[in-house]
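Counting from 1, position 142 in the sequence shown corresponds to residue 142 in the numbering used here; the numbering is continuous, with no gaps. We put the CB at the ideal spot given by N, CA and C, even for glycine.
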Amino acid sequence: MNKGFTLPEILIAIVFFVIGFFALSLLFDTSNKQVYTAQDDLFAYCIARERLSWMSETDFSQVGGMHDLLSQTALTNGYFYYDLNNNKKQAVYPALYAKFYIQPKIEDLGKFKRLLVKVEYKLKMDDPESREVVLERIVSNE
Numbered sequence: 001m002n003k004g005f006t007l008p009e010i011l012i013a014i015v016f017f018v019i020g021f022f023a024l025s026l027l028f029d030t031s032n033k034q035v036y037t038a039q040d041d042l043f044a045y046c047i048a049r050e051r052l053s054w055m056s057e058t059d060f061s062q063v064g065g066m067h068d069l070l071s072q073t074a075l076t077n078g079y080f081y082y083d084l085n086n087n088k089k090q091a092v093y094p095a096l097y098a099k100f101y102i103q104p105k106i107e108d109l110g111k112f113k114r115l116l117v118k119v120e121y122k123l124k125m126d127d128p129e130s131r132e133v134v135l136e137r138i139v140s141n142e
């Protein structure tokens, strides 16, 4: 009596292996897309939080105009700041930040001002829909 596998048994095993491998590859592909989407969402949130923080820490009477940090060019060209020793330095964002579009908005509500920062971006440049992160805060002069 011969021991071993027949050709049909081996072919069936290969088919099951290929189906399982294909399912795993789809799972990994979906997982990678979700990771990159979450990474871009986090970057957009961080940009909005940074801008809103600057707007909140600015003197109430001065909040109203457009500042360099709130402009779109700050993401592409960077911005200048002074360190603790009063040396002028330049902060430059990584190139991947260039796909984010910042829209700050300040509304005067009498005794209060509503600060709103909206950051829009597309996962891919040819995507028809864009994603956005919106943060807002109300500040007072009291």
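- Distance from Gly78 to Tyr93 at the Cβ level is roughly 6 angstroms; contact confirmed, criterion being Cβ atoms closer than 8 angstroms.
- According to DSSP, residue pairing for Val119 in a beta bridge involves Ile102 and Val133.
- Val117 is positioned such that its CB atom lies closer than 7 angstroms to that of Ala48.
- Within 10 angstroms of the beta-carbon of Val18 lie fewer than 16 other beta-carbons, which makes it exposed.
- Proximity to Leu135 across Ala23, Ala91 and Glu120 peaks at Glu120, based on C-alpha coordinates.
- For Lys3, there is no enclosing beta strand (DSSP E), as DSSP marks it with neither H nor E.
- Within 10 angstroms of the beta-carbon of Lys124 lie fewer than 16 other beta-carbons, which makes it exposed.
- In this structure, the straight-line span from the alpha carbon of Ser53 to that of Lys105 is close to 13 angstroms.
- Take the alpha-carbon of Pro128 and the one of Thr73: they are about 24 angstroms apart.
- For Tyr93, no beta strand (DSSP E) encloses it, and the DSSP letter there is neither H nor E.
- Excluding five sequence positions before and after Ser130, the CB atoms of its chain that fall closer than 7 angstroms to its own CB belong to Glu120, Tyr121 and Lys122, given in chain order.
- For Glu107, the beta-bridge partners assigned by DSSP are Arg114.
- Tyr81 sits close to Lys89, with the two beta carbons spaced by under 7 angstroms.
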